[in-house]
Amino acid sequence: MTTKDATTGENLERLNENLAKVEELTERLVAAMSGKRSMDPSIQAPGHELMMKAASGYMNELVNHPSKIFEQQVAYWGKTLKHFIAAQEALSQGSLSAPADETPKDPRFSHEMWQTHPYFNFVKQQYLMNSEAVHKAVENLDGLDEKDRRRVDYFTRQIVDMMSPANFLGTNPEALARAVETDGESLVKGLENLVHDLETNKGELLVTLSDKNAFRVGENIGASEGEVVFRNRMFELIQYKPTTEQVYETPLLIFPPWINKFYIMDMKPQNSLIKWTIDQGYTVFVVSWVNPDPTYADVGMDTYIQEGYLTAMEQVKQICKVDKINTVGYCIAGTTLSLTLALLERSGRENPVNSATLFTTLTDFTEPGEVGVYLEDDFIEGIEGEVAESGMLAASFMTRTFSFLRANDLVYRPAIRSYMMGEAPPAFDLLYWNGDGTNLPARMVVEYLRELCQNNRFAGGTFRIMDETPTLKDIKVPMFAVACETDHIALWSSSFDGVKQMGSKDKTFVLSESGHIAGIVNPPSKNKYGHYTNTGPMEDHETWLKEAKFNEGSWWPRWDSWLKKKSGKMIPARDPGDSDHPPLCKAPGTYVLPK
């Protein structure tokens, strides 16, 4: 037997072993998918009414402006025919090279075979031409109001992105090459990854974005030293150990969003906003929200305010023996902090808040940004039905929704890597956090989506809560607000509009480069993203940005300069807790850990 024969035999044996594994995995795949819980279709896709509006708009165009439709069709078919002829001419000349390629660069098609191989290049070019034609057809639809047009455009992009040839094994040259190189082992590993994700998520297909064994909350992420000094059914209150001999007298209480977990602000030490703030000499407290189960079905926005915000504020006051505290609210926690401040003012209660900082916070939802496509009746009615049955909105729904706002980066590319290339998920802390979501209580979800997002009652002055009707003008405390330039969850211009309406006479607005997370978790040491400032009046966001000054580097030092003026004198550093608040356990506590 020659060496070549031995090698061929080994390869064949390896291939047969992989085929046997495929059979076993297929059985597990079928079993996993059969366990998927049926869900109301309206929670997964827009209603038929939107589709009918789009179809009606296109037919209206065809009847009233046929020349425009024909012009679009002729342009598209002209490009397609020219592309086909170029490919045929290359083949007729015996050339296996790709024809001329004038399509724009696209990261989905970065592998060299998309450019050099005639078949894959032809498929790629045709897909991009098809995509352009579909998008132009949607752009030119008349008879749709702006909200419907935006939704049609968004869901059209979802379909077009899904149909990318990179997403299918038969038209992905990189995945096919890997399968050949590994005698099919990459496909077996990919099938293993697919089955694992389905089994983990009870039949729901959610791509694992990060290696879940690479991180341990409290060990290599979320590991700043501190103690849980208070606990109720809604939250654990963490007080962090000081790192300076003296601290400012006024403590800082941070409210993270309960849609995700707080340790986004305390990842690795070098990019931890919490650790950096402690190092500047502040006594830092963080609320770690409970991850609700169906027993929390009747928890609403009022519960979060009464048992969450007001209770946490009172505990911090008692522990630090002060009358006033500084506060931070991130995303929905900033919205609720704003509600709390307005409620305190409206009701005439003593306000324990000395200043408030808002991160990527919407209080005026007139224009919510990209996420607004999900804030219409078709989706919200579906969510109402889901939470009425289950008592909560599962974390997987929110994770999937936010991922599809950036589908190519957070859905398709990871799926290709995992399921077609057979690669293990990367050890990426941010993606690990992104997959560590939380459930949302039924009543709170409906109140937030209907009353605050869809009907915009807080900005409109008609949101009734705890027997009061708070308004944005009722917010009087000094305010520092940070929005992010490319935020796809909280549009920066809408964040600006909400802050502009607040009654505070001391308002600082900062626009950070980057998005919802990277624009906030932006340590000075990396000198990565800059920020815009403008000391002039907050009249309209376009003028504000046009006249703003761009500053290199993180906004964190600027916030520190503002915050220290609100934080009183220096005093000896405080150890966590006191005689009435003995430490209950080490940070990060128990609520943040997976059940």
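If you want the working numbering, it's the position in the sequence shown, counting the first as 1, plus 912. Note that CB positions come from ideal geometry on N, CA and C, so glycine has one too.
- At a cut-off of 3 residues, the continuous stretches assigned as beta strand (DSSP E) that sit fully inside the region 1376–1403 are 1391–1396.
- Taking the Cβ atoms as the reference, G1134 lies roughly 5 Å from D1178, within the contact range of under 8 Å.
- By a beta-carbon distance limit of 8 Å, S1200 does not contact F1127. Their separation comes to about 17 Å.
- Across the structure, V1107 and E1301 are spaced so that their CA atoms are roughly 28 Å apart.
- Between G1334 and E1086, the alpha-carbon positions lie close to 12 Å from each other.
- In the DSSP assignment, W1468 falls within the alpha helix (DSSP H) that extends over W1468 to K1476.
- Put simply, the region 1428–1445 touches the region 1386–1406. At least three CB pairs are less than 8 Å apart.
- For Y1444, the enclosing beta strand (DSSP E) starts and ends at H1443 to T1445.
- By the neighbour-count criterion, in which a residue is buried when 16 or more other Cβ atoms sit within 10 angstroms of its Cβ, F1021 is buried.
- Using a Cβ distance threshold of 8 Å, T1350 and N1238 do not count as a contacting pair.
- Distances from the alpha-carbon of S1122 to those of F1277, A1327, Q1038 and V1072 put A1327 closest.
- Inter-residue distance for R1325 and S1076 is about 11 Å (C-alpha atoms, whole angstroms).
- Excluding the 5 residues flanking it on each side, D1386 has same chain C-beta neighbours closer than 7 Å at A1254, E1257, R1258 and G1415, in chain order.
- Counting other Cβ atoms within 10 Å of its Cβ, M1225 reaches 16 or more and is therefore classed as buried.
- Non-local C-beta neighbours of W1026 in its own chain, meaning closer than 7 Å and more than five positions away in sequence, comprise F1032, N1033, K1036 and P1085, ordered along the chain.
- Cβ-Cβ distances below 6 Å link I1176 to W1345 in the same chain, with the five nearest sequence neighbours on each side left out; the list follows chain order.
- For E1139, the enclosing beta strand (DSSP E) has its first and last residue at G1138 to R1143.
- With contacts defined as CB atoms closer than 8 Å, A998 and A987 fail to qualify as a contacting pair.
- When Cβ pairs closer than 8 Å are counted between the two stretches, the region 1474–1490 is seen to touch the region 1138–1158, the count reaching three or more.
- Following the DSSP letters along the chain, one finds G1241 inside the beta strand (DSSP E) bounded by residues I1237 to Y1242.
- If you draw a straight line from the Cα of N1263 to the Cα of L1222, it is about 10 Å long.
- In the structure shown, the three-state DSSP call for I1432 is coil.
- Judged by DSSP secondary structure, W1201 falls within the beta strand (DSSP E) whose first and last residues are V1196 to W1201.
- Using a 10 angstroms sphere on the CB of S1473, the tally of other CB atoms stays under 16, which defines it as exposed.
- In the DSSP assignment, Y1286 forms no beta bridge with any residue.
- Residue pairing by DSSP places K1461 opposite T1445 in a beta bridge.
- By the CB criterion at 8 Å, Q1038 and T1083 fall outside the cutoff.
- Nearest neighbour of L1505 by Cα position, chosen from P1204, T1094, F1167 and L1185, turns out to be P1204.
- With respect to the 8 Å criterion, C1243 and T1273 are classified as neighbours on the basis of their beta carbons.
- I1171 sits in coil when the DSSP states are folded into three classes, being neither helix nor strand.
- The three-state secondary structure of N1263, taken from DSSP, is coil.
- According to DSSP, residue pairing for L1164 in a beta bridge involves V1196 and N1238.
- Going by DSSP, F1147 is part of the beta strand (DSSP E) stretching over F1147 to Y1152.
- The beta carbon of Q1192 sits closer than 6 Å to the beta carbons of D1472 from its chain, once the five residues preceding and following it are set aside; these are given in chain order.
- Membership of V1422 in the beta strand (DSSP E) is indicated by the continuous run K1419 to S1424.
- Burial check for T1383: the Cβ neighbour count within 10 Å reaches 16 or more, so the residue is buried.
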